[in-house]
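Numbering (the numbering used here), first residue to last: 122 to 207.
From the three backbone atoms N, C-alpha and C, an ideal C-beta is built for every residue, glycine too.
The structure appears right after this line, and notes come after that.
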Amino acid sequence: KVVGFRYGQYSSGIDRVGSPSVCKNVSDSMKLVVQHFQDFIRSRSSPWYSAETHLGCWRQLTVRESRLNHLLLMIAFCQGQLTSVR
Numbered sequence: 122k123v124v125g126f127r128y129g130q131y132s133s134g135i136d137r138v139g140s141p142s143v144c145k146n147v148s149d150s151m152k153l154v155v156q157h158f159q160d161f162i163r164s165r166s167s168p169w170y171s172a173e174t175h176l177g178c179w180r181q182l183t184v185r186e187s188r189l190n191h192l193l194l195m196i197a198f199c200q201g202q203l204t205s206v207r
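Laid out in structure tokens, this is it:
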């Protein structure tokens, strides 16, 4: 699984995601955040969200960067499928 950009719309049957590592319009600090987040969620047992089945927990990461190089992270996490053990 990859944290990155969706290549197209799911309604068009496209559910692939590509890494931002080669995108010139994404700063190195944003790429580093994405890599750390990807490593973090790969180490967890919580399932990734699937737009096809509407199941899973990790749904979306949004990263924004200001002109002053401040980062804003927004994580969309659906906890409805978690048990108290997780």
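Task: Status (buried if at least 16 other CB within 10 Å, exposed otherwise) for V184 - done: Per the 10 Å Cβ criterion, buried.
- [ ] Would you mind sorting R207 into buried or exposed? The rule is 16 or more other CB atoms within 10 Å of its CB.
- [x] Note that R207 scores a pLDDT of 49, beneath 50, so its modelled location is shaky; the value from the coordinates is reported in the next line. Answer is exposed; the Cβ neighbour count stays below 16.
TODO: Would you mind reading off the limits of the alpha helix (DSSP H) that contains E163?
DONE: With the sequence shown as reference, residue 163 is identified as Arg, and Glu is not the correct amino acid for it. Where R163 is concerned, the enclosing alpha helix (DSSP H) stretches over D149 to R163.
Task: Cβ-based neighbour list, S187, same chain, cut-off 8 angstroms, excluding 5 preceding and 5 following - done: Here S187 has L193 as same chain residues with Cβ atoms under 8 angstroms from its own Cβ, once five neighbours each way along the sequence are excluded.
Task: For L194: DSSP bridge partner residues - done: V184
Open item on the list: Which residue wins for smallest C-alpha separation from G177, given the options G125, M151, V123 and G201?
Closed with: G201
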